[in-house]
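Numbering (the working numbering), first residue to last: 3 to 685. Built from N, CA and C at the ideal position, the CB exists for glycine as well. Structure, as structure tokens:
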């Protein structure tokens with residue numbers, strides 16, 4: 003077995019994808035050969051580093067190393083050796099005097115090649131769009147012009163071209179090219195909602211609850227399966243938050259995504275049930291990784307210091323989200339979550355029918371959901387519900403009523419929503435008793451019909467549907483929908499039925515262009531106060547930015563003194579492709595960051611009289627598709643302040659549940675940090 007086959011085997015079978023390349027000092031190797039080696043490993047799915055000093059090599063290994071000697075030898079015995087050594091995380095490739103230099107003779111992607119590629123793409127882009135075959139044809143044509151017969155039909159992968167582009171960009175040898183990035187970035191949708199989401203797993207922990215539909219895989223936290231795609235990274239890193247986030251940042255960079263704004267999603271149903279020491283340590287590791295602090299130095303920093311450092315680093319934490327049960331909260335828990343700077347809580351509601359909840363051994367009621375929602379809104383958290391369809395004992399009518407009540411009862415109104423059709427999975431109590439209980443999950447047709455009803459009759463403008471179904475491997479599903487692209491199928495079905503979905507996810511601007519926008523205000527009567535949803539949208543109702551403003555009925559009796567006699571901004575979100583951050587500590591070199599609208603919007607008397615209503619604002623051609631400029635944020639904040647001044651004259655204080663890195667931004671508007679909120683008196 004040759005080296006390439008062996009490495010592919012390691013990657014596929016044991017998820018090993020990190021390489022350390024060690025060249026003996028006796029071997030003379032030029033920079034071009036080293037770059038070629040990195041390219042070679044990148045093309046077969048490995049990210050690597052090169053070392054030539056043994057002391058550097060030893061300091062960079064965490065768990066273990068599997069050594070492969072580069073030479074013209076058979077690797078079968080080394081493969082068998084690996085099978086008995088599954089605890090290794092890294093692979094070291096040692097180059098001796100027998101190394102084969104021929105595979106590294108291909109030219110590094112040159113600056114001339116990138117310039118030619120950009121020119122060809124511009125010429126044909128209007129006709130061909132983003133088809134991958136067209137891109138490959140352009141690359142191949144450039145290689146045919148200059149390359150020999152030996153390699154004229156081989157082209158470098160997109161990831162390798164992207165690395166070269168990023169390298170020249172950092173060295174100021176090439177200008178930023180939107181058309182190159184358009185073709186080179188993989189899975190572009192990940193960074194089209196203002197932030198880059200990163201999902202992390204906490205370590206397996208005994209769950210005190212025994213929901214009958216919930217799988218119990220001993221390798222994973224309760225309710226998650228080790229064979230799910232999202233679980234593999236956690237298993238590979240042994241549930242280390244530091245390693246999980248570091249891996250994800252590196253992978254996202256390789257795919258061409260901007261990693262400056264990170265949304266951290268911590269998975270497991272009840273994060274507060276872990277010991278407080280573990281919770282704090284897990285969050286600290288997140289900030290360590292985002293701040294690029296070495297593992298050997300992490301014990302020298304407190305959580306507060308790490309958060310302070312994060313305001314000035316390349317990778318900034320915008321959101322931190324945790325999952326809880328409706329009956330697992332207390333004021334002490336919510337206070338500790340704010341100490342950790344958690345800004346969003348995902349609540350496992352599942353159903354609003356108490357009989358269904360009881361039959362599925364959930365042991366939490368709709369009253370618990372109402373109380374927790376009230377508290378979360380009172381303290382400014384963003385609220386996401388997890389809802390399940392087709393549970394045992396439930397019916398189509400019960401499911402429809404649950405979703406209808408979500409948005410027509412003052413006790414709920416979640417900001418965001420995840421919908422999970424119930425599946426009959428391995429390692430669940432439901433699997434053991436399915437025949438006895440005469441249980442059958444919803445079919446694909448039944449799921450389509452229900453989601454179609456939800457989108458048509460239930461979802462308002464102020465809610466975002468994050469996902470529909472979970473990406474569970476088909477071999478683990480004993481009964482139920484096995485379609486991994488069910489959301490795409492439902493979207494197509496909804497469009498064919500001429501149903502217009504109002505959810506924010508369906509209306510995001512993403513990378514579309516716009517030439518004007520309107521301000522839309524929706525008043526939502528909720529339990530214990532009033533929510534205002536303020537949105538900037540295009541004429542086609544594409545969402546550009548939004549603010550969630552909560553006016554509590556009683557501003558006293560709160561665990562946070564910073565919230566007394568104040569109204570609260572629970573969310574300020576700007577949609578569209580991630581734009582680079584220019585904080586006060588960074589050079590203001592990007593002219594686009596200080597663009598102003600064509601009219602002086604903030605002094606326009608009609609702007610603030612638009613409540614409740616709309617006003618249209620024209621943007622310049624340069625500003626089209628640029629949704630993340632600071633003046634847009636300013637519009638939303640000013641609009642929310644004016645609503646309170648006009649309708650709630652007795653409240654002169656505002657509080658914002660801020661992320662760590664946005665504290666500096668709110669400070670420019672004269673907000674001050676109190677406890678974990680940014681507050682201001684605007685009277």
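Point to revise | Three-way DSSP call (helix, strand, coil) for residue 207 in this model | key: coil
- Query: So the alpha helix (DSSP H) residue 547 belongs to, where does it begin and stop?
  - Reply: Not the alpha helix (DSSP H): residue 547 falls in the beta strand (DSSP E), residues 545–554.
(Q) Based on DSSP bridge pairs, tell me the residues matched to residue 539. (A) 520 and 545
- Query: Going by DSSP, which residues form a beta bridge with residue 318?
  - Reply: 263
Runs of alpha helix (DSSP H) lying entirely within the stretch 154–230, each at least 4 residues, in chain order: 160–172 and 180–186
Discussion item. Please return the same chain residues whose Cβ sits closer than 8 Å to the Cβ of residue 395, not counting the five positions on each side in sequence.
Written reply: 357, 358, 361 and 362
Beta carbon of residue 567, beta carbon of residue 376: below 8 Å? no
Using C-beta distances below 8 Å, list every residue in its chain close to residue 152, excluding the 5 sequence neighbours before and after it, in chain order. Caution is warranted here: a pLDDT of 44 is assigned to residue 152, below 50, making its placement in the model unreliable, and the coordinate value is therefore given only provisionally. Nothing listed; no residue qualifies.
Between which two residues does the beta strand (DSSP E) holding residue 352 run? 346–352
* Asked: Helix or strand or just coil, what does DSSP make of residue 327?
  -> coil
### Query
Buried or exposed: where does residue 167 fall if 16 or more other Cβ atoms within 10 Å of its Cβ makes it buried?
buried
query: Whose C-beta lies closer than 6 Å to the C-beta of residue 342 among residues of the same chain, with five residues either side of it excluded?
result: 285
Considering only residues of the same chain and omitting the five flanking positions on each side of residue 670, which have a CB-CB separation below 6 Å? none
Roughly how many angstroms lie between the CA atoms of residue 657 and residue 294, to the nearest whole one? 31 Å
Within 10 angstroms of the Cβ of residue 712, are there 16 or more other Cβ atoms? Answer buried if so, exposed if not.
Examination of residue 712 is not possible in this model, given that the chain is present from 3 through 685 alone.
### Query
Looking only at C-alpha atoms, which of 444, 545 and 230 sits nearest to residue 575?
545
- Could you check what DSSP says for residue 534 in three-state terms: helix, strand or coil? strand
Which stretch, first to last residue, makes up the alpha helix (DSSP H) that contains residue 1?
Nothing can be reported for residue 1: it is not among the residues displayed for the chain, which extend from 3 to 685.
In the DSSP assignment, what residue or residues form a beta bridge with residue 565?
-> Paired residues: none, contrary to the question.
**Item:** Burial state of residue 220 (16 or more Cβ within 10 Å)
**Value:** exposed
Just mark residue 165 as buried or exposed, buried being the case when its beta carbon has 16 or more other beta carbons within 10 Å. buried
Residue burial classification, residue 502 (beta-carbon count within 10 angstroms, cutoff 16)
exposed
Using 8 Å as the threshold, is the stretch 413–425 in touch with the stretch 383–390, meaning 3 or more CB pairs across them? yes
| said: Between which residues of its own chain and residue 454 is the CB-CB distance below 8 Å, once the five residues before and five after are set aside? | reply: 492, 495, 496, 499 and 501
**Message:** In the DSSP output, what is residue 510 paired with across the bridge?
**Reply:** 545
_Let's test the definition: count the other Cβ atoms within 10 Å of the Cβ of residue 444 and tell me whether it reaches 16, buried, or not, exposed._
buried
Original post:
Taking the C-alpha atoms as reference points, what is the distance between residue 564 and residue 403?
Top reply: 38 Å
Fill in: Residue-level contact to chain B via CB, residue 266, 8 Å cutoff
In the displayed structure, chain B is absent; only one protein chain is listed.
| task | May I ask you to list the residues that DSSP assigns as paired with residue 243? | result | In the DSSP output, where bridge partners are listed per residue, residue 243 has none listed.
### Message
Between the stretch 168–179 and the stretch 225–245, can you find at least three pairs of beta-carbon atoms closer than 8 Å?
### Response
no
Buried or exposed: residue 212, going by 16 or more other Cβ atoms within 10 Å of its Cβ? exposed
| query | Is it the case that the Cβ atoms of residue 229 and residue 272 are separated by a distance below 8 Å? | reply | no
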